[in-house]
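I have placed the structure first, in the form of structure tokens, so that the comments after it can refer back to it.
Residue numbers (my numbering), protein chains in the order written: chain H, 1 to 148; chain L, 1 to 117.
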């Protein structure tokens with residue numbers, strides 16, 4: 001593919017849109033011909049980021065909007081999930097495996113750990129009262145593997 | 001996209017078969033259905049059968065961990081079977097493997113529990 005290919009999504013912070021978001025991103029990335037495992041990694045990471053935005057960023061207020069930008073460049077896809085919600089006070093603590101600010105909701109505290117492990121690059125920035133932005137990148141290596 | 005939870009009582013074991021996608025949106029249904037069956041039913045142990053679970057994220061880990069604690073506090077055991085590679089990775093990453101026993105299929109899960117009880 002020459003040049004880059006981009007898409008933007010914006011949707012209500014409703015939990016039923018979590019499946020929509022990960023499936024939409026997977027459909028966009030499918031032009032890179034990823035393996036099922038790569039696709040699952042992407043879907044899981046997107047699901048985690050979107051769920052965080054809905055539960056933590058917006059406290060499940062459906063009048064708020066979550067945005068996703070995805071961009072394919074060469075054999076890589078970069079995905080940004082952002083909200084304009086409450087923001088995260090202590091990023092380092094939030095990124096600790098098994099830490100959750102909402103144990104009463106049976107959150108496992110594994111969201112950030114999964115995003116970090118399933119993607120090749122992962123970055124999160126947040127401002128209290130200003131929202132959170134998760135930027136991730138994954139290389140789709142399936143084509144390369146085919147020639148090895 | 002949704003999730004179906006099929007519950008079956010077999011002797012003193014509650015078998016829960018999950019089909020579809022387990023995320024934050026569908027986790028509540030699983031939580032409430034299982035919570036009630038564990039509380040009201042006469043089962044000692046739980047088998048979580050995941051053969052037809054197509055997708056799971058950390059919300060699924062949360063609800064599984066929650067039911068594990070519930071079963072354990074009643075003195076029972078919870079085991080998992082037919083785990084696909086994706087779910088397997090999540091279990092590994094979260095350390096759930098350390099507390100949950102994984103079986104290949106429902107039959108071996110049942111026989112392992114019969115030895116226990």
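Every residue gets a Cβ at the ideal spot worked out from N, C-alpha and C, and that includes glycine.
Under a 10 Å Cβ-count criterion, residue 34(H) is classified as buried, with 16 or more other Cβ atoms of the shown protein chains found around its own Cβ. At least one CB atom of chain H sits nearer than 8 Å to the CB of residue 93(L).
Pairing residue 59(L) with residue 22(L), the inter-Cα distance amounts to about 7 Å. Residue contact with chain H for residue 65(L): present (Cβ-Cβ distance below 8 Å to some residue of chain H). Approximately 7 Å separates the beta-carbon atoms of residue 67(L) and residue 78(L); this is inside 8 Å, confirming the contact.
One alpha carbon belongs to residue 51(H), the other to residue 18(H), and they sit about 7 Å apart. Counting C-beta atoms within 10 angstroms of its own C-beta, residue 58(H) has 16 or more neighbours from the protein chains shown and is therefore classed as buried. When secondary structure is reduced to three states using DSSP, residue 70(H) falls in the strand class. Taking 8 Å as the Cβ-Cβ cut-off, the segment 35-56 of chain H approaches chain L at 37, 40, 43, 44, 47, 48, 51, 54, 55, given in chain order. According to the DSSP assignment, residue 34(L) belongs to the alpha helix (DSSP H) that extends over 24-40. DSSP places residue 80(H) inside the beta strand (DSSP E), whose first and last residues are 76-83. Proximity to residue 107(H) across 94(L), 44(L), 80(L) peaks at 94(L), based on C-alpha coordinates. The Cβ of residue 55(L) sits closer than 8 Å to at least one Cβ of chain H. The beta-carbon separation of residue 96(L) and residue 61(L), rounded to 6 Å, stays under the 8 Å limit for a contact. When Cβ pairs closer than 8 Å are counted between the two stretches, the segment 65-75 of chain H is seen to touch the segment 2-16 of chain H, the count reaching three or more.
Looking at the backbone, the Cα of residue 99(L) and that of residue 111(H) are separated by about 20 Å.
With contacts defined as CB atoms closer than 8 Å, residue 14(H) and residue 46(H) fail to qualify as a contacting pair.
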